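Asks:
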Ligand code: ADP
Ligand code: ZN
Ligand code: ZN
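Numbering (this note's numbering), first residue to last: 257 to 1006.
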């Protein structure tokens, strides 16, 4: 150890799992005296200059004076975040066995990661401008028309588009005069935004619209959580679809706002955010901030800084909003807590739901997890008393839960995977003026193209999967690597023609439904049909009008949406989990069926749900459709307990990817042996190690994939193994091009 007057221990963005020491930059004693953990610096790193964040200021270092380098200069005058955030980052890095620097930087907006200063934003009292909805639409379609003859106006539009809201002062400095601003504002292309100071906390003014009269169950849930405001407690709100969970959230947030606190709401997907957001905006007068991945970097930075400076009372966002800096956070809500999109699948593979619980613990505030189909993890926690279960068992208002029926998709007269019973039922509902939803989780025209003569099947040349036939451009597209090929008419192997498609995707069903129902619009919602910005919104708006229509779509239609005129749902391919090797298959299948079925009968009219299956007599299918989700989940939990599978054990995975399978498997085997040697037989305890073996999808984008899965009843055993694994990987870097990732609590092993 070497002693110094002061050493900055810094995190930098790097795969190296350690911190880096620097001497203070050349600066005045006064500047140096203000140095605090949480401030960023420019530092030399190799021959580069990079951004570092001070995590600790100390007086000793293992680095000798002749090797020690000095930082170049401070970026921040004040810490970016309170030090307790950095403790949290450290905890996250330890738990997920992920490099600490990468963890810290991963939670910051990208512009801050790149060293952008924080003072460009709008000061509280200043007037500021943003694009109006109209202006946004105009500039994203074509910015030619207004702009040709008015270059300054064009410049302003472009600035607001690229940089997000800007203050009047900033615009003046950039040479934009008040008359240019007025011209665009008169055209309705830009609008002033209220800055935080305009809407300083005003408890009397937080609610625009009065709350609904909560029913007994809702009131009990609200009281239970409200009772714990101000201390940590985890709640699981299990409310059947349409039971008024969102109303519970709204009333709890109201209590928070009245207590001058902030609320954070995490939702699974960007597609759901606008609907939720509108509902929140209708209710509250307070500032609501949306944080999601569809924002530009500048919008993100501004939103982040607004939250940090207390300018937003309510933050609603996807998993990346988890660590939105909120100084007066009083409550965290995780909506659709079972949703797998809360788990990040690359880089730092964190679960936003689990970390929300951790954040609530550290901040000593309640956290509420809500779902119609809670994850087995959350149900088990409630069963073990780690959280309190609140239930809503009835639909709010007059709506009744739908009736669910199993149908055989191989029944006579079925067309393109649509059972005759389903077609006839749809006809009845449409004739009665209602809407129908057909759910199939498969986009494209058909999942297989094959030769009836020799059995050739179109496969991706880079992945071990079949190509999906798509109508647009007559292409075959690999849904794993996006590779495209032309849809040949002739068999490349025996030259027979024509080739045949097998199975149906949304595009084929769209055609089939249009033939059967020529007078009713078929609204197809899948990733291909909603690529253009705003098209999902306009499709959903069409359905919201309530006119009879057939909504046809994938997972995108499964959750959250509220279509009051929808009275029938058909689920076409939910039973694929019957053939899956993943032990989570039945849980997912029950969640999907329950969620999709829950779209039906949310208005006055009773709902009817058809679940098509290849195996309509399979006991699992019968249970899922006849029992409540709670009962079914209860049985699954018993099975998991009997097999000591999560949530009754802890699991982790090592995923590998490389250009050759043998080299990958050899390397992973060596890692396993090295870890086992270093821990010793006793240290391994009850650890069960499966693999390394090729992954269920063994090749993707010409890279081979393998995995090793670990299970243990003892969390400490598992983490000891992972810590050793991390150390072995860090000390003996894998061959060039090989990628290895540790996943703690993995949910997807394919
Ligand atoms: P969930 O989030 O559980 O799916 P929502 O909160 O969307 O349910 O509620 C479903 C419908 O019931 C919405 O139209 C909502 O306005 C209505 N609703 C919720 N709570 C009540 C209540 N207490 N009284 C009347 N209507 C309610
Ligand atoms: Zn052939
Ligand atoms: Zn592919």
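We put the beta carbon where it would ideally sit given N, CA and C, even for glycine. All values derive from a computational prediction rather than experimental measurement.
Is the beta carbon of residue 365 less than 9 Å from the beta carbon of residue 274?
Replies: no
Asks: Does DSSP put residue 391 in a helix, a strand or coil?
Replies: helix
Asks: Which ranges would you report for the beta strand (DSSP E) in the stretch 520-608 if only whole runs of at least 3 residues count?
Replies: 544-547, 570-573 and 585-591
Asks: Please report the Cβ distance between residue 387 and residue 446, rounded to the nearest whole angstrom; I am assuming they are in contact, meaning their Cβ atoms lie under 8 Å.
Replies: 6 Å between Cβ atoms; contact.
Asks: How would you label residue 872, buried or exposed, when you count the other beta carbons within 10 angstroms and need 16 or more for buried?
Replies: buried
Asks: With residue 928 and residue 945 assumed to form a contact (beta carbons below 8 Å), what rounded beta-carbon distance in angstroms separates them?
Replies: 7 Å
Asks: Looking only at its chain, what residues have a beta carbon closer than 6 Å to the beta carbon of residue 455, apart from the 5 residues adjacent to it on each side?
Replies: Here residue 455 scores only 43 on pLDDT, less than 50, and its place in the model is too uncertain to base an answer on.
Asks: In the DSSP assignment, find the unbroken beta strand (DSSP E) run with residue 881 in it and report its ends.
Replies: Looking at the DSSP string, residue 881 is not in any beta strand (DSSP E); the run it does join, the alpha helix (DSSP H), is 875-882.
Asks: Is it true that the CB of residue 627 sits closer than 9 Å to the CB of residue 592?
Replies: Between residue 592 and residue 627, the gap from beta carbon to beta carbon is short of 9 Å.
Asks: Any heavy atom of ligand 2 closer than 8 Å to the beta-carbon of residue 749?
Replies: If you check the C-beta of residue 749 against ligand 2, you find a heavy atom less than 8 Å away.
Asks: Would you say residue 711 touches ligand 2, meaning its beta carbon is less than 8 Å from a heavy atom?
Replies: At least one heavy atom of ligand 2 lies closer than 8 Å to the C-beta of residue 711.
Asks: For residue 811, which residues in the same chain have their Cβ closer than 6 Å to its Cβ, ignoring the five residues on either side in sequence?
Replies: 697
Asks: May I have the straight-line CA-CA distance separating residue 694 from residue 372, to the nearest angstrom?
Replies: For residue 694 and residue 372, the distance between alpha carbons rounds to 47 Å.
Asks: Quick one: Cα of residue 595 to Cα of residue 285, how far?
Replies: So the two alpha carbons sit approximately 52 Å from each other.
Asks: Once DSSP output is grouped into helix, strand and coil, what is the label at residue 964?
Replies: The answer is strand: DSSP assigns residue 964 an E or B state.
Asks: If you count every other CB in all the chains shown that lies within 10 Å of the CB of residue 752, and 16 or more means buried, which is it?
Replies: exposed
Asks: Comparing C-alpha positions only, which one of 276, 508 and 301 sits nearest to residue 310?
Replies: 276
Asks: Ends of the alpha helix (DSSP H) at residue 312?
Replies: Note, residue 312: premise wrong, no alpha helix (DSSP H); beta strand (DSSP E) at 304-317.
Asks: At a threshold of 8 Å, does residue 737 count as lining ligand 3 (C-beta to nearest heavy atom)?
Replies: Yes, the beta carbon of residue 737 sits closer than 8 Å to at least one heavy atom of ligand 3.
Asks: By how many angstroms is the C-alpha of residue 597 removed from the C-alpha of residue 604?
Replies: 14 Å
Asks: If you measure from the CB of residue 721, is any heavy atom of ligand 3 nearer than 8 Å?
Replies: Inclusion of residue 721 in the 8 Å shell around ligand 3 follows from its C-beta lying nearer than that to a non-hydrogen atom of the ligand.
Asks: Closer than 8 Å: is that where the CB of residue 681 sits relative to any heavy atom of ligand 1?
Replies: Residue 681 Cβ: outside cutoff for every heavy atom of ligand 1.
Asks: In the DSSP output, which residue or residues are listed as bridge partners for residue 912?
Replies: 962 and 996
Asks: Rounded to whole angstroms, what is the Cα-Cα separation between residue 727 and residue 788?
Replies: 18 Å
Asks: Please tell me whether residue 586 and residue 477 are closer than 9 Å, where the distance is taken between their beta carbons.
Replies: no
Asks: Shortest alpha-carbon distance to residue 723 belongs to which of 711, 990, 707 and 741?
Replies: 741
Asks: For residue 298, which residues does DSSP report across the bridge?
Replies: 307 and 329
Asks: Beta carbon of residue 795: closer than 8 Å to some heavy atom of ligand 3?
Replies: Incorrect: residue 795 has no Cβ contact closer than 8 Å to ligand 3.
Asks: Measure from the alpha carbon of residue 704 to the alpha carbon of each residue in 880, 748 and 756, then state which is nearest.
Replies: 756
Asks: Excluding the five sequence neighbours on either side, which residues of its own chain have a C-beta within less than 6 Å of the C-beta of residue 675, listed in chain order?
Replies: 663, 665, 667 and 868
Asks: Considering residue 348, what are the terminal residues of the alpha helix (DSSP H) in which it resides?
Replies: Here the alpha helix (DSSP H) through residue 348 covers 339-352.
Asks: Take residue 839 as the anchor and find which of 965, 971 and 763 has the nearest alpha-carbon.
Replies: Taking residue 839 as reference, the option from 965, 971 and 763 with the minimal CA-CA separation is 965.
Asks: Around the Cβ of residue 824, are there at least 16 other Cβ atoms within 10 angstroms (buried) or fewer (exposed)?
Replies: buried
Asks: Buried or exposed: which applies to residue 899, given that a residue is buried once 16 or more other Cβ atoms fall within 10 Å of its Cβ?
Replies: exposed
Asks: Can you find a heavy atom of ligand 2 that lies under 8 Å from the Cβ of residue 707?
Replies: yes
Asks: Using a threshold of 8 Å, is the CB atom of residue 704 nearer than that to any non-hydrogen atom of ligand 5?
Replies: Ligands present in the displayed structure are limited to ligand 1, ligand 2 and ligand 3, and ligand 5 is not among them.
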